[in-house]
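What follows is one structure encoded as structure tokens, with my remarks underneath.
In the UniProt record's numbering, the protein residues as written are 1 to 211.
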């Protein structure tokens, strides 16, 4: 994945030269820096791959005019769900609320995806749903999760090919912790992954720190 990087002094100087003189050949840049073309080649490759410079055969190097933040934004928009999705935690729709609470605790997740006997997505259980069901004197072991879960079509879903940035916006707008990654079949949607706030955070930090 191409990402903005923290530039060293020589790379900053190269950018300045190209800004002021572009298009300019690698030989001319090396001459201004009193360096050999071979010494300069790795820096030019890094700046080109990172998106700061554009190179054209027999013409030279151009400055793209993009800042580090602009390049970061562009690359954020290229990340898709499949790059950072994690394994979903599912429960059957007939399990008890008590068992769902235990599963959520043991798996250390904030959202459970509810499936039917055909393994198709039929609902979502959040911490809030389980907490709400726990208030009062109800016998949690006798209440099935399909009574308290959020049902289709009131569930936000995504596919492996969706942009991660779009899913991040859904999490914020809907104030939810996770979105199931689904695959559409002839009979329903199968849950094949999940995207959580943690996945989103990991992707953004990874993108910012990669060099």
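Here a beta-carbon is modelled for each residue, glycine too, at the ideal position from N, C-alpha and C.
Can you tell which of the options has the C-alpha that lies nearest to the C-alpha of residue i?
{"i": "residue 27", "options": "21, 37 and 85", "result": "37"}
{"i": "residue 61", "options": "17, 188 and 104", "result": "17"}
{"i": "residue 198", "options": "48, 108, 98 and 20", "result": "108"}
{"i": "residue 118", "options": "21, 185 and 206", "result": "185"}
{"i": "residue 153", "options": "140, 124, 181 and 202", "result": "124"}
{"i": "residue 159", "options": "46, 64, 179 and 96", "result": "179"}
Am I right that residue i and residue j are in contact with their C-beta atoms under 8 Å? What's the rounded C-beta distance?
{"i": "residue 89", "j": "residue 114", "result": "Not confirmed; about 11 Å, so no contact."}
{"i": "residue 112", "j": "residue 188", "result": "Wrong, their Cβ atoms sit about 18 Å apart, outside the cutoff."}
{"i": "residue 200", "j": "residue 85", "result": "Incorrect: roughly 11 Å between the Cβ atoms, too far for contact."}
Is DSSP giving residue i helix, strand or coil here?
{"i": "residue 86", "result": "strand"}
{"i": "residue 193", "result": "strand"}
{"i": "residue 52", "result": "coil"}
{"i": "residue 144", "result": "strand"}
{"i": "residue 58", "result": "coil"}
{"i": "residue 156", "result": "coil"}
{"i": "residue 24", "result": "strand"}
Since residue i sits in a beta bridge, which residues does DSSP pair it with?
{"i": "residue 80", "result": "163"}
{"i": "residue 37", "result": "The partner list for residue 37 (beta bridge, DSSP) is empty, contrary to what the question assumes."}
Which residue comes first and which comes last in the beta strand (DSSP E) that contains residue i?
{"i": "residue 122", "result": "121–126"}
{"i": "residue 115", "result": "111–115"}
{"i": "residue 182", "result": "178–184"}
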